[in-house]
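Numbered per UniProt numbering, the sequence shown spans residues 1 to 332.
Here's the structure we're looking at; comments come further down.
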Amino acid sequence: MALYPQAILWLTTSVSLILVGCGNNGAEQPWVEYHQQLTSDLSIADIERHPPPNIGKFPERRERLFNIPETREGMLNIYALRECQITSLIAARNNQLGRVAPPSQHWLYERALWQRLSACWNSDIPDSLSDDNKARLAELTELKTEQLPAVSWNAIFDSEEWEKSFSRASAPLNSAELPNIDNQLLAVDYLERMVTHQFSQAWQQDSSALENHLKALQERPLTAEILRTLLLAHQRLTEANVVLESTRLTTSECLQDDFPAGFNQVEQISLKWLTVINRLINAHQITPPEAVKNYQNTWLSLNNPQAPWQQLQQVKAQHQALRDQFTSCSDN
């Protein structure tokens, strides 16, 4: 079974992997100690360790975003729809600050514009408009309704905070000092609620809340750290399995009832994070760009047998099955 073809290529071509794989003593130490315990129990030579493969590169900006054509309407046409209360909103979007606003603020603007257009169209106002202006309102409302899912997608996937979460300039988590990810979980939950409620007139968006949650995501490249942690655990268990398989029929030694310190907590954090990340991506009412779909399936999926999470579960089950073939020292 081939394991991460692109990652294997990186393993053979990138010297930097040695630094990533072996330079983080905090993440490596529990595995070093576990390997040492196994070699001591089995009275064998040291287990040879190799750097884990690199994590996948996050899709380039042009590959992960939707192209949304700019909407152009003359000010006279917009003024004709002034009863819809969109003129000041559009003016703010078109001023100097509005034009350089980050993707998150563009999302808030587009959603507010949709809310006002939709509310206007479903009121008595269209009956007071000329045929041309009524048609223009209908067309603009329909267009903004169609574009909003792509706008919300771009707002997240074009944000610096989201991109940094997948940064390759990262290291595995230190199981002895695991981070509290409550703020990051709340941040992703808020983004998901914004996506799922974007067509709600009742749900009120909050600019400061959105920016604060995005700031929480920027605190650390958590997605990349977790992926590296899963790859490291997979590599170290695979190496241990090789030793157990080669000695299980030729030794009468027993094994201590030990496992790498903090491994269960690492698994719990990884599962929580990958669950919310996938839930946010899947919440969008639009088919993701192909590059993002491939990245999600290859690296973030909890179900794909070839993705890091399932690969770890498989090698962990194999490891436990091999350990079960040895006598436990606690039984002696």
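The beta carbon of each residue, even a glycine, is placed where N, CA and C say it ideally should be.
The secondary-structure analysis by DSSP pairs L255 across a beta bridge with S328. Of the residues P172, L191 and L249, the one whose Cα lies closest to the Cα of N54 is P172. For D206, the three-state secondary structure derived from DSSP is coil. The C-alpha of P102 lies about 8 Å from the C-alpha of A155. With 16 or more other CB atoms across the displayed protein chains lying within 10 angstroms of its CB, S152 is buried. Here the alpha carbons of S123 and D131 stand approximately 16 Å from one another.
Residue E146 holds the alpha-carbon nearest to the alpha-carbon of P69 among F199, E146 and L185.
Following the DSSP letters along the chain, one finds I277 inside the alpha helix (DSSP H) bounded by residues F263 to A283. Taking 9 Å as the cut-off, the Cβ atoms of P305 and Q296 do not count as close. Residue environment for W31: buried (at least 16 other C-beta atoms within 10 angstroms of its C-beta).
The count of Cβ pairs closer than 8 Å, one atom from the segment 239-258 and one from the segment 321-328, reaches three, so the stretches are in contact. Only exposed fits R72, as fewer than 16 other CB atoms lie within 10 angstroms of its CB. Around the Cβ of W203, a 10 Å sphere holds fewer than 16 other Cβ atoms; the residue is exposed. Taking a cut-off of 8 Å on C-beta distances, the segment 103-121 touches the segment 208-217, as three or more cross pairs fall below it.
Burial state of A27 is buried, judged by a 10 Å Cβ sphere holding 16 or more other Cβ atoms.
Each of N241, P288, N94 and I281 was checked against the Cα of R64, and the nearest Cα belongs to P288.
Rounded to the nearest angstrom, the gap between the Cα atoms of V195 and A112 is 13 Å.
Within the same chain, and ignoring the five residues on either side of L186 in sequence, the residues whose Cβ sits closer than 8 Å to its Cβ are H213 and A216. For C120, the enclosing alpha helix (DSSP H) begins and ends at P103 to W121. In the structure shown, Q201 adopts coil according to DSSP, grouped into three states. If you draw a straight line from the Cα of K164 to the Cα of I125, it is about 45 Å long.
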